[in-house]
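> Reading the sequence shown from the start, the letters are residues 1 to 1159 in the UniProt record's numbering. Just so it is clear, CB atoms sit at the ideal spot from N, CA and C, and this is done for glycine as well. This one's a predicted model, so the numbers in the text were calculated from it and none came from an experiment. Please read through the structure below; I'll follow up with questions.
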Amino acid sequence: MGSRYTSSRQTKQALAVGAEVEYFANALDDCLDDRGSIAEKRARVFKLVDIYHTYAREQHERLRSRTGPLSATSMPEKEGAIDMDADSHDSGATSLEYAQEENYWDQEAQIWNLLRHLLPTRYCDTDTFSSKSRSGRLQKPTLWNEFLDNNPLAMERKAVLRWLQSISKDGPDINEVVKDLQKSADRGDIIAHGWIHTRSTIKLRKSVLAWPHVLDPSSPEVSQSHVNSSKSPLVTQLDPDSITRQERRLEPQDEYFERAIWLGCFELLRRGYSAGEIEKWCRERTEGWRSVSMSAIHMSDSEALSSPDFPPESFALWTRSCLAVARQGALGDYERAVHGILSGDVSSVENICKTWEDYLFAHYNALFRSQFDAFILGRCSPEAVATLSSFCSSDMIQHYDESSSPEKRVLRLLESRDVTKAAARNPMKVLEAAILSKELERHFFDQGLALALSADKDHNSEFVATGGLSNSDIDTGRFFQLDHYHGLRVASHVYIILSRLENLFLRPHEIVSVDITKRDIQQNIVVGYTSLLRLSGLYELIPLYCSTLSESRQYDALCHNLIHIVDPASRELAVSLIEKAGLDSLKFVKTQAALQFSTLLIDKATQSPFRIVENAEHSLKYGRPVRPDFFGEDPDAIDPTHELLIRAIEWLLVVDHAWPEALSTGTKVYKVFLKNMYLNSARTFAQRINFSAILSYQAENTGDDHEGSPDLADITFWAQKLSSLPAFSGSPAQVAADARNFRELEALVRALDTMETLASLEQLAKEDSNISRDFWTRVGAEIKTLKEHMQPLFGGWLLSGIQEGDSELASLRTNYLPETILAYVSTLHFAGTCLSRDNLLESMELSTIIADKDSDIAACFIQTRRMKELVESFASSSKALAVMTGDKKVAGSTSKKMRETGWTRNLWSVKSTLGGEGHTSVDIAKYVMELPPPTIPPKPGVVNFDGNSEGPPTPLPTQAFPPPAPSSHDGGSQRHHTDPGASWIPPTLQDMPKEDLAAILRDGRLLRTATNAPETAHPSLRASYEALQSALVQNSELASKLLELELRVSNERSAAQAQLLSTHALERQWRQKQSDLDGVLAPFSPTSLYQRLCQGVQEQAMICLALEDSFIDGGTGESVASEREVIEWTRRYREAKTLFYLRQERKERWDEGRVGGWR
């Protein structure tokens, strides 16, 4: 058998199941193979039933070997009491649990055995049935063979009787059954020789009376004195009819023996033993005549071939004679029951019935015998029929009214009786009754309805509606519930087997209902079993069972169960198993996405205003901050239905050619999430399913390798992609639109997610001023990510979809775009004041983009009446940019790209013309106020010193703005080279004319060159530069050494941590080994050895005492022990006493401390 469905059991949950689940699945997989003819498929189904029966029987025998025979008190009343952990017993399991499990496997084996007997009869072609039934009987054309050959109903009833007989055979041995009666017969181990106590009494009476002939019961002497031990009249002869003929009794012991014999005969007939076996059992007890009286009709085909063919009148007369004995002539219940079985009487057999099966056997036997009796009468002459009519007969078929199915009447009767009501309500027995009465369509409907009602309490959508029925319409206690794992497994496999046979033979709808609603309710059985497989983590088996359902329920069951798989490798395995089961994997993932998306359509339809910027005044440093955690406190807190929907979209990416559906459904998911403010769900969806991953997945499956970035707006690009999907019915334009909308909505979600992160970081920056450099590095990285995500929002975001008539996109644009841009400006404000002024410059650039005449953003702000808020935000950013004194934290110089686009921070900096650093705003303002007015420009055409035709620039003041106080890092160089003061001029410039000096002063570059050039610089300046350069080199070397030390310390710390963990692990292992060693050596410890020695002394003393008592008790009887027995007893007693003294001496030595090595 194949092992395709071997479970990895990686995701087991609450329910633990046994190995039978995978075993049954493997066997079913082999049976569902569609290859071969109808006869071959039918043979595979019958073989499957045999496999299931063999497995159940082996499990029952295995458990029975542990528990022994079951008692009536240990059996559960309902299958629901069975332990769900059936096949994983441990040492702590109680005997009651084993007994309950054994009882379950016994009941399951009975069901499979019933199907083994009935299915070949019910599902067989007429020609095949006739040829098969006659094949073994052509050499012996008897009435019995003719009766069975021409009557399929008789064959079915006979099969049921065989099944009931096989159940009884599994009971205790017949010798155990009659053990109590045999013991009361006071015969010891003697089972033969008839009525030995009555025989002894008769012989004694004849010897007392000296009567040479048979005792005459009419003689006064005999009638008065010939009584048994209970003073009742005793028979005078030992023939079998003497009791009824003389109306006398046997000795009480022989009456018990008689009852034991008849009980044994009843069990032989009840268990279906052959005539030969019955004869052997009776001859062992010297009661062979009893087997002869029971041998007229043989139940087995093999014995029918060798049985004599009596005339039909003999059969009819023998049956009526047995009925007369059963009703009038027998003395005990067991004798009446034996003749009741032979004659087809019910009341006489029911008197000794104990189980539901016994009562069912009594009725089926009566139906079968009555049917055969009617057949026999049809072969008799009219004169014989008239003569036989004077005898009492048992026509059970007429009693049950054949037109209304006698089997149904019998089973209804057993359900109404108090003695069988409890057993008849057992779901296993209810299933057996449905099989026997051919009411399987109704039974499976009621079973499915009971499961639906049970699931409806938990709002489980895996089951169809109940059609308006309530609990009052069905007795749910008679059917398996969702927590009855074993029962659901049996019921589902029985339903699958019978429905497959029905499809093979194109029979009328006896199993599967023709009504679609009823059929779906019937299939709740298989759907419920697949749910149990899911709870057990056996996802690999679910596609197999779903393939047996109708097409309308196959994919629903798959979707509800496989949606819980989250491992990518397990999903791929599930898809391959779905395809191997003959199902469409593409249809499965599409159906799953549609089902999960439909659960969101009932959510609220109104759209709330989206607000994440706090309603506060603009601050110089933070502007209007963004509200932290506006996604929610818990990032993983999403609705379970949303989680399942996201998984459904992930499933679309597992199947080839399903990526267009992923784009389309993903766009719808974004719309629902954003419309209803499910921001956490939208973020989770964007993290797990992004547009770039879909493109890469599509490229992997189609083999396309695009160089560079493809033009996603090009319809031709998508048309090429769709050319490899022949089953796709959409247009390239629609796919392109879905891709565009998906990408733009994803950009919004990712931008909002990054803003929330930055808002949280801003909150941390406000609360803690001592923040490490790594914090600002992370802020810079998040800002860069945010800028990338915001780019799609600046150029026609969602406008293409809106122009195509999508009103939902228009609503999302109006609700989200203004607030998102305001939050973006606020975030740039925070980054510009705390990180780098370049972010403020980008904010100013954004204002120019929005102010452009072709911009669509300004129109959106005007439409939502939020333009004032936007202008205030930009004004706040420009104000912050104007008053900032420089970059902070990890900010660097303006990037080359920014300079190429015309961005410069010097435009916004007032201090760029002051020639120094470290000045306050008051100093800057005072400096500006003291500047002289500009000189009058020269006349046109006058050439300036530098050759320009423009007028001279505004001269600088005669004294530069006072530099800041010198730093203490100048070192000792300033002690040797003091500052020459403001009147110092480089020697090379001292001889130059004033006009040249004025030109140098007007040109800042020449002035800086003259100041810092090696030939003109003052020695004190050079010394300061050298000191600074030396300090810088030293700091660089120290920093390098510090980094090396940090790396070494980190490595040493990691190594020490690893060694510490290894040491702890070794220490735990050593302690465990020490504990295990102590446990192993515990039986050999001094305390244990001393206890064993004490117990040995006591046990040996008890043995010696028992030997002495046995010797004393043996002497009080009538018999005297032989010399050999005395010698044997003496030898045994001497050996026992020697061992006792030896152990006692060892104990004394121990008590005195004379045992070395232990103390």
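Please report how far the alpha carbon of L758 lies from the alpha carbon of R750, in whole angstroms.
For L758 and R750, the distance between alpha carbons rounds to 12 angstroms.
> Under 8 angstroms: does the beta carbon of G332 sit that close to some heavy atom of the ligand COA?
Because no ligand of any kind appears in the structure shown, any question about the ligand COA cannot be addressed here.
> Taking 7 angstroms as the limit between beta carbons, can you name the residues of its chain near F505, skipping five residues before and five after?
Hits under 7 angstroms: Y123.
> Inspect the beta-carbon positions of Q734 and S664 and report whether they are closer than 9 angstroms.
Cβ distance < 9 angstroms, so Q734 and S664 count as in contact.
> Run the CB neighbour count on W356, radius 10 Å, all protein chains shown included, and call it buried at 16 or more, exposed below.
Looking at its Cβ environment, which holds 16 or more other Cβ atoms inside 10 Å, W356 is buried.
> Would you tell me roughly how many angstroms separate the C-alpha atoms of R1154 and E1125, rounded to the nearest one?
When rounded, the distance between both Cα atoms is 41 angstroms.
> For Q791, does the count of other Cβ atoms within 10 angstroms reach 16, so buried, or fall short, so exposed?
Result: exposed.
> Given a cut-off of 9 angstroms on the beta-carbon distance, is the pair F444 and Q522 in contact?
Yes, the Cβ-Cβ distance between F444 and Q522 is below 9 angstroms.
> Would a C-beta distance cut-off of 9 angstroms place H226 and R259 closer than the cut-off?
Taking 9 angstroms as the Cβ cut-off, H226 and R259 do not qualify as a contacting pair.
> Leaving out five residues on either side along the sequence, give the residues of the same chain with a beta carbon under 7 angstroms from the beta carbon of N113.
Closer than 7 angstroms at Cβ, skipping near neighbours: H53, W163, S166.
> In chain order, what residues of the same chain lie with their CB nearer than 8 angstroms to the CB of S232, ignoring the 5 residues before and after it?
Taken in chain order, the residues that qualify are R248, R249.
> Between H197, I191, S218, V214, which lies nearest to R285 when the distance is taken from Cα to Cα?
Of H197, I191, S218, V214, the residue nearest in Cα terms is I191.
> Residues in its own chain within less than 7 angstroms of G947 by CB, not counting five upstream and five downstream?
Note that G947 has pLDDT 38, beneath the 50 cutoff, so the model's placement of it is unreliable and the number below is only indicative. Same-chain partners within the cutoff: there are none.
> Quick one: what does DSSP say V227 is sitting in, helix, strand or coil?
If DSSP states are grouped into helix, strand and coil, V227 belongs with the strands.
> In the structure shown, what three-state DSSP assignment does V654 receive?
Coil, per DSSP.
> Between the stretch 824-834 and the stretch 627-640, are three or more C-beta pairs nearer than 8 angstroms?
Taking 8 angstroms as the limit for Cβ pairs, the verdict is that the stretch 627-640 does not touch the stretch 824-834.
> Assuming C282 is part of the alpha helix (DSSP H), what are its boundary residues?
Looking at the DSSP string, the run of the alpha helix (DSSP H) that includes C282 is 275-284.
> Residues bridged to S619 by DSSP?
S619 is bridged to G623.
> Smallest Cα separation from A581: which of L870, L32, F46?
Nearest of L870, L32, F46 to A581, Cα basis: L32.
> Going by beta-carbon coordinates alone, are residue 1167 and R199 separated by less than 9 angstroms?
Outside the modelled stretch of the chain, which goes from 1 to 1159, sits residue 1167, for which no answer is possible.
> What's the gap between the Cα of E407 and the Cα of S389?
Between E407 and S389, the C-alpha separation is close to 26 angstroms.
> With a floor of 4 residues, list each alpha helix (DSSP H) that falls wholly inside the stretch 172-223, ordered by position along the chain.
If we require 4 residues or more, the alpha helix (DSSP H) runs fully inside the stretch 172-223 come out as 174-177, 179-184, 196-209.
> How many angstroms separate the CA atom of L653 from the CA atom of R683?
Those two C-alpha atoms are separated by around 19 angstroms.
> Relative to the C-alpha of I565, which candidate in S550, S598, E579, I542 has its C-alpha closest?
It is I542 whose Cα lies nearest to the Cα of I565.
> In whole angstroms, give me the CA-to-CA distance for F479 and A422.
Going by the C-alpha atoms only, they are around 13 angstroms apart.
> Are the stretch 276-296 and the stretch 349-364 in contact at 8 angstroms, needing three or more beta carbon pairs?
Contact fails: fewer than three Cβ-Cβ distances are below 8 angstroms.
> Expressed to the nearest angstrom, what Euclidean distance is found between the alpha-carbon atoms of I1127 and F1111?
Rounded to whole angstroms, I1127 to F1111 spans 12 angstroms at the Cα level.
> Please confirm if the stretch 583-597 is in contact with the stretch 779-791, defined as three or more CB-CB distances below 8 angstroms between the two stretches.
The stretch 583-597 is not in contact with the stretch 779-791.
> For R647, does the three-state DSSP call read helix, strand or coil?
Reduced to three states, the DSSP call for R647 is helix.
> Would you mind reading off the limits of the alpha helix (DSSP H) that contains Y123?
From DSSP, Y123 is part of no alpha helix (DSSP H); its letter is neither H nor E.
> With H, G and I counted as helix, E and B as strand and the rest as coil, what does DSSP make of R1092?
Reduced to three states, the DSSP call for R1092 is helix.
> Kindly indicate which three-state DSSP category T935 falls into: helix, strand or coil?
Confidence in T935 is poor, its pLDDT being 41 and thus under 50, which makes the residue's placement unreliable; the coordinate value appears in the next sentence. Residue state, collapsed to three classes: coil.
> For L317 and R283, what's the separation of their Cα atoms in angstroms?
For L317 and R283, the distance between alpha carbons rounds to 26 angstroms.
> Output the distance between the C-alpha atoms of R1005 and V825, rounded to the nearest integer angstrom.
Near 38 angstroms, if we compare the C-alpha coordinates of V825 and R1005.
> Below 8 angstroms, can you find three or more Cβ-Cβ pairs linking the stretch 588-597 to the stretch 806-822?
No: the two stretches stay apart, fewer than three of their Cβ pairs being nearer than 8 angstroms.
> Touching or not, the stretch 331-347 and the stretch 363-381, by the rule of three or more beta carbon pairs under 8 angstroms?
Yes, since at least three Cβ pairs between the stretch 331-347 and the stretch 363-381 fall closer than 8 angstroms, the two stretches touch.
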